[in-house]
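In the numbering used here, the protein residues as written are 837 to 1290. C-beta: ideal position from N, C-alpha, C; glycine also.
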Ligand SMILES: [Zn+2]
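Pasting the structure below:
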């Protein structure tokens, strides 16, 4: 049996205490007034990694610093790179917190603090795994850490940093623990993330807002034009009508769909959990396919005209909307941006002018479900949870996954220790103490399993 003659790893005695010290630092990357706190969190982690024998440095970027740390054992061993982020979301709204966001508190077995699960708790599990392995010998692999401080503001410096430090970052696999597993008792490896294409659509009519009595009937109405445009994007069955939109879309293999059908999800309770009557979306696709492997198009905001109390008889001069599309493997976000812009222009009603601005995008990624690294993750999860791990996808987007694959060419493993009920980004964010501890054990067992494959 693999790993039988290795000494068991023990959770470091001060693991929780040290995580609390990290959680007390309000490293909110979006707040210019907390630059110093973000730096303090970086220095805290670099000092910890140094104390574990890593060559650790805090590298300045145009924004918040990147921590790079490395501990080499032997050139004959594989090298793993752990990615995480030490910045956090703002704590607002403060009224939603039962205890202060930067004073970690344990209630009912859960650590409540901003960053508890996203991502300080999950990244610290990897540091503690390194410490636990070092306590019973040497690391089983060469290990590198890349920890950024700008994830919550869209990682503006990370792509350049990776491109400039390719050599230092070279590795056989990259591990990210920054998400949620499927359910409390379902350990999972995430094998796909959707991409994103985000547009802003603006429609202009007359030079100024007009009296709807004096001009109504002959003046074009930008709100009506915008609504017609948005409505033209999908048919009644939810199919997106942009020509070429679905070209190249790769369906998950039958074996993957088969494994999704075994996952414990009930559409009725899923609907109840968000207070709706029934799911929408494309007929012929399961709920999980709609959420994970089908592309989407949604308006995220809409504005225009009079919105104050009472009435005002006016034909507005302009209206606008934010529109985003989640993309799946086979789609290229820049091509989709072009197709969508062309379609909107072709369908713009007469009498108004249209502007389409592409705000940003991210490529979809699908990761292999049976690579050696995934097998190592499966065996680590099975050892720690005592039940087999499943592969799932997420409907969200993690732009850094595509960056890693493109720039470093190493396989990425998404090994999530959190749960959706941890409420990342929300008040009362939390992380179960048991999940922190299982995360430490999983991360350690994973590195051992990688080493055993050699
Ligand atoms: Zn995160």
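First through last residue of the alpha helix (DSSP H) which encompasses residue i
i: residue 1287; result: 1269 to 1288
i: residue 895; result: Looking at the DSSP string, residue 895 is not in any alpha helix (DSSP H); the run it does join, the beta strand (DSSP E), is 891 to 895.
i: residue 1097; result: 1090 to 1097
i: residue 874; result: 871 to 887
i: residue 939; result: Per DSSP, residue 939 belongs to no alpha helix (DSSP H) and is neither H nor E.
i: residue 995; result: 994 to 1000
i: residue 1220; result: 1208 to 1221
Cα-Cα separation, residue i to residue j
i: residue 1293; j: residue 1033; result: Within the shown structure, residues of the chain are numbered from 837 to 1290, placing residue 1293 beyond reach of any answer.
i: residue 1056; j: residue 1184; result: 12 angstroms
i: residue 950; j: residue 1150; result: 45 angstroms
i: residue 938; j: residue 984; result: 20 angstroms
i: residue 1167; j: residue 1050; result: 48 angstroms
i: residue 999; j: residue 915; result: 19 angstroms
i: residue 923; j: residue 874; result: 7 angstroms
i: residue 1253; j: residue 1274; result: 8 angstroms
i: residue 1073; j: residue 897; result: 47 angstroms
i: residue 1018; j: residue 1225; result: 10 angstroms
i: residue 1104; j: residue 1256; result: 18 angstroms
i: residue 837; j: residue 1286; result: Here the model assigns residue 837 a pLDDT of 45, short of 50, so the residue's position is not dependable and the matter cannot be decided.
i: residue 1247; j: residue 1011; result: 9 angstroms
i: residue 1237; j: residue 1245; result: 11 angstroms
i: residue 989; j: residue 1201; result: 21 angstroms
i: residue 1006; j: residue 982; result: 11 angstroms
i: residue 841; j: residue 1288; result: 12 angstroms
i: residue 885; j: residue 892; result: 6 angstroms
i: residue 1265; j: residue 931; result: 13 angstroms
i: residue 919; j: residue 1013; result: 8 angstroms
i: residue 944; j: residue 876; result: 30 angstroms
i: residue 1036; j: residue 1060; result: 17 angstroms
i: residue 1134; j: residue 1193; result: 16 angstroms
Cut-off 8 angstroms between Cβ atoms - residues of its own chain near residue i, not counting five sequence neighbours on either side
i: residue 1075; result: 1118
i: residue 1272; result: 851, 852, 855, 947, 957, 960, 961, 1253
i: residue 927; result: 862, 864, 933, 937, 938, 950, 1263
i: residue 992; result: 898, 899, 986
Cutoff 7 angstroms; reference residue i; Cβ partners in own chain excluding five residues on either side
i: residue 894; result: 878, 879, 882, 901, 903
i: residue 1004; result: 904
i: residue 935; result: 941, 948
i: residue 1297; result: The structure shown has nothing for residue 1297, since the chain only spans 837 to 1290.
i: residue 1020; result: 1255
i: residue 1137; result: 1157, 1158
For residue i, three-class secondary structure by DSSP
i: residue 981; result: strand
i: residue 851; result: helix
i: residue 961; result: helix
i: residue 1013; result: coil
i: residue 1253; result: coil
i: residue 1112; result: coil
i: residue 911; result: coil
i: residue 1184; result: coil
i: residue 1101; result: coil
i: residue 1234; result: coil
i: residue 1123; result: helix
i: residue 1266; result: strand
i: residue 841; result: coil
i: residue 922; result: coil
i: residue 846; result: coil
i: residue 1241; result: helix
i: residue 1077; result: coil
i: residue 1018; result: coil
i: residue 931; result: helix
i: residue 1034; result: strand
i: residue 1046; result: strand
Residue range of the beta strand (DSSP E) that includes residue i
i: residue 1189; result: 1189 to 1198
i: residue 1134; result: 1134 to 1140
i: residue 1025; result: 1024 to 1029
i: residue 1155; result: 1154 to 1163
i: residue 947; result: 946 to 948
Cutoff 6 angstroms; reference residue i; Cβ partners in own chain excluding five residues on either side
i: residue 860; result: 938
i: residue 954; result: 1260
i: residue 1223; result: none
i: residue 1177; result: 1192
contact_flag[the stretch 1019 to 1032, the stretch 1229 to 1236] where n(CB pairs < 8 angstroms) is 3 or more: yes
Pair every Cβ in the stretch 1212 to 1224 with every Cβ in the stretch 1034 to 1050, then say whether three or more of these pairs are closer than 8 angstroms. no
Under 8 angstroms, with one C-beta from each stretch per pair, do the stretch 1189 to 1197 and the stretch 1107 to 1121 reach the 3-pair mark? no
Counting Cβ pairs closer than 8 angstroms, one from the stretch 1128 to 1147 and one from the stretch 1098 to 1116, do we hit at least three? These segments do not touch.
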